[in-house]
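Asks: This is the structure I want to talk about, given as structure tokens.
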Amino acid sequence: MKAVFLGTGAAEGIPALFCNCEYCTAVRRRGGKEIRTRAQLVLDGELSVEFPPDAFAHGISSEIDLSAIKYLLVTHSHFDHFSPAQLILRGYKFAHGMTSPTLDIFANEEACGEYSEATRLEMKDCVKSTISLHPITAMQTFSCGDWTVHTLPARHSSKDPLVFFIEKGEKSVLYLTDTGALPDMAWEGLSSFKGKTISLVVLDCTFLFGETAKEARHMGLDENARTMEKLRNFSLADGRTKFVITHFSHNSKPSLDLLAKAEREYGVIAAYDGMTLEV
Ligand SMILES: [Zn+2]
Ligand SMILES: [Zn+2]
Ligand SMILES: [Zn+2]
192 MKAVFLGTGA
202 AEGIPALFCN
212 CEYCTAVRRR
222 GGKEIRTRAQ
232 LVLDGELSVE
242 FPPDAFAHGI
252 SSEIDLSAIK
262 YLLVTHSHFD
272 HFSPAQLILR
282 GYKFAHGMTS
292 PTLDIFANEE
302 ACGEYSEATR
312 LEMKDCVKST
322 ISLHPITAMQ
332 TFSCGDWTVH
342 TLPARHSSKD
352 PLVFFIEKGE
362 KSVLYLTDTG
372 ALPDMAWEGL
382 SSFKGKTISL
392 VVLDCTFLFG
402 ETAKEARHMG
412 LDENARTMEK
422 LRNFSLADGR
432 TKFVITHFSH
442 NSKPSLDLLA
452 KAEREYGVIA
462 AYDGMTLEV
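To convert a position in the sequence shown, counted from 1, into our numbering, add 191.
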């Protein structure tokens with residue numbers, strides 16, 4: 192399975208939109224891998240997790256064909272993960288020769304409401320008819336094409352946030368952002384998959400080397416490590432599992448040196464915009 196990390200920043204991106212902190216100022220000057228757009232992960236070119244405001248930038252900067260995305264999974268309604276207004280451009284005079292004529296969106300009730308609101312004024316009927324909205328809640332399993340998706344509850348500051356366990360054949364991805372320490376119910380859900388080795392675990396690492404408070408709505412490396420340990424204890428992860436940290440905040444100053452230290456000390460891979468992994 193091919194996983195492309197198109198966006199690896201937290202809500203404000205890096206350099207943050209209106210920020211003149213020392214780190215953002217330095218990143219503006221030096222550019223490169225430290226520039227981070229908002230979260231989007233594309234699997235095998237056809238399934239996207241999240242649709243951020245930076246989808247436009249992702250279409251410019253990568254070799255991804257955004258029109259080939261058939262399935263869109265949305266974790267929660269925060270704008271950095273779901274920015275549906277731009278979906279009005281998926282057809283009519285705005286897009287020609289699209290690879291997939293249809294798009295199926297799976298999102299919680301609040302994000303579905305966001306879609307309706309954001310597209311109400313400008314959506315053409317000919318575009319609307321090609322997009323199907325499927326409301327989902329935690330602890331469900333559904334299929335789309337070759338994919339099976341299990342929804343789990345997250346610990347986050349939006350209404351009914353979700354994380355996903357996504358399977359295709361023998362390969363699987365556990366997508367854990369945005370969330371703090373997983374709620375007990377998520378672990379109950381995961382326990383039913385014991386013995387399956389997850390190919391790729393994507394971890395919210397907003398706090399990086401900062402401490403994750405008990406009720407925090409994001410994670411740092413400390414909580415990432417506890418989650419990794421628990422997954423190993425559940426026989427869900429072993430030496431074959433790749434752990435990727437992402438969703439970095441300017442407040443953690445994720446310089447390349449600091450991320451290299453995180454990789455060494457925690458056995459993780461630090462994502463950057465455009466990073467492609469074969470899992
Ligand atoms: Zn976020
Ligand atoms: Zn900043
Ligand atoms: Zn969020």
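For every residue, glycine included, the Cβ atom is placed at its ideal position computed from N, Cα and C.
This structure is a prediction, so every number in the text was calculated from the model and none was measured.
Roughly how many angstroms lie between the CA atoms of residue 339 and residue 405, to the nearest whole one?
Replies: Answer to the nearest angstrom: the Cα atoms are 31 Å apart.
Asks: Tell me whether residue 283 is buried or exposed, calling it buried when 16 or more other Cβ atoms sit within 10 Å of its Cβ.
Replies: Looking at its Cβ environment, which holds fewer than 16 other Cβ atoms inside 10 Å, residue 283 is exposed.
Asks: Tell me whether residue 423 sits in a helix, a strand or coil according to DSSP, three-state version.
Replies: Helix at residue 423.
Asks: Just the Cα atoms here: how many angstroms apart are residue 433 and residue 345?
Replies: Each residue's Cα considered, the two are about 21 Å apart.
Asks: Under 7 Å Cβ to Cβ from residue 425, same chain only, skipping five residues before and after it: list those, please.
Replies: The residues are 381, 382 and 385.
Asks: Hey, is residue 445 close to ligand 2, as in C-beta under 7 Å from one of its heavy atoms?
Replies: Flag unset: Cβ of residue 445 not near ligand 2.
Asks: As a quick exercise: from 228, 430, 268 and 327, pick the residue whose alpha carbon is nearest that of residue 137.
Replies: Coverage of the chain is limited to positions 192 through 470, which leaves residue 137 absent and any answer about it impossible.
Asks: Would you report the Cα separation of residue 312 and residue 431, rounded to the nearest angstrom?
Replies: Between residue 312 and residue 431, the C-alpha separation is close to 48 Å.
Asks: Could you pull out every unbroken alpha helix (DSSP H) segment of at least 4 residues lying fully inside the stretch 209-285, listed in chain order?
Replies: DSSP runs (the alpha helix (DSSP H)) wholly in the stretch 209-285: 213-221 and 246-252.
Asks: According to the Cβ coordinates, are residue 242 and residue 273 closer than 8 Å?
Replies: It is a contact, given that the beta carbons lie within the stated cut-off.
Asks: Rank 235, 207 and 315 by C-alpha distance to the C-alpha of residue 259 and give the top, closest one.
Replies: Of the candidates 235, 207 and 315, the one whose C-alpha sits nearest the C-alpha of residue 259 is 235.
Asks: Since residue 457 is in the alpha helix (DSSP H), which residue starts that stretch and which ends it?
Replies: Unbroken alpha helix (DSSP H) run through residue 457: 447-457.
Asks: Just to confirm, is the Cβ distance from residue 399 to residue 449 under 8 Å?
Replies: Yes, the pair counts as a contact, with Cβ atoms nearer than the cut-off.
Asks: For residue 248, is the beta carbon positioned less than 7 Å from some heavy atom of ligand 1?
Replies: Incorrect: residue 248 has no Cβ contact closer than 7 Å to ligand 1.
Asks: Apart from the five residues on each side of it in sequence, which residues of its chain come closer than 6 Å, Cβ to Cβ, to residue 297?
Replies: Answer for residue 297: 264, 325 and 327, listed in chain order.
Asks: Locate the beta strand (DSSP E) running through residue 319, then write down its first and last residues.
Replies: Careful: residue 319 lies outside any beta strand (DSSP E), inside the alpha helix (DSSP H) at 316-319.
Asks: Taking DSSP as the reference, what is the three-state secondary structure of residue 342?
Replies: Reduced to three states, the DSSP call for residue 342 is strand.
Asks: Relative to the alpha-carbon of residue 201, which residue among 291, 444, 294 and 364 has its alpha-carbon at the smallest distance?
Replies: Ranking 291, 444, 294 and 364 by Cα distance to residue 201 puts 444 first.
Asks: Tell me which same chain residues have a C-beta within less than 7 Å of the C-beta of residue 407, skipping the five on either side of it?
Replies: Excluding residues within five positions, the ones whose Cβ falls inside 7 Å are 371.
Asks: Taking residue 279 and residue 310 to be in contact with their CB atoms under 8 Å, please state how far apart those CB atoms are, rounded to whole angstroms.
Replies: That belief holds up - the Cβ atoms of residue 279 and residue 310 are roughly 5 Å apart, short of 8 Å.
Asks: Quick check on DSSP: helix, strand or coil for residue 306?
Replies: Three-state result, residue 306: helix.
Asks: What residue range is occupied by the uninterrupted beta strand (DSSP E) comprising residue 469?
Replies: Per DSSP, residue 469 belongs to the beta strand (DSSP E) from 466-469.
Asks: Which residues does DSSP pair with residue 461 in a beta bridge?
Replies: Paired residues: 436.
Asks: Opposite residue 394 in the DSSP bridges: which residues?
Replies: Partner(s): 367 and 436.
Asks: Where do the ends of the alpha helix (DSSP H) carrying residue 295 lie?
Replies: Where residue 295 is concerned, there is no enclosing alpha helix (DSSP H), although the beta strand (DSSP E) it sits in stretches over 294-298.
Asks: Check whether the Cβ of residue 345 sits closer than 7 Å to any heavy atom of ligand 1, and report yes or no.
Replies: No; taking the cut-off as 7 Å, the Cβ of residue 345 has no heavy atom of ligand 1 nearer than that.
Asks: Among all the DSSP beta bridges, which residues are the ones paired with residue 384?
Replies: Its beta-bridge partners do not exist; DSSP assigns none.
Asks: Examine ligand 2 and report whether any of its heavy atoms sits within less than 7 Å of the Cβ of residue 428.
Replies: No, the beta carbon of residue 428 sits no closer than 7 Å to any heavy atom of ligand 2.
Asks: Could you work out which residue in 299, 304 and 318 is closest to residue 289 when comparing CA atoms only?
Replies: Minimum Cα distance to residue 289 is reached at 318.
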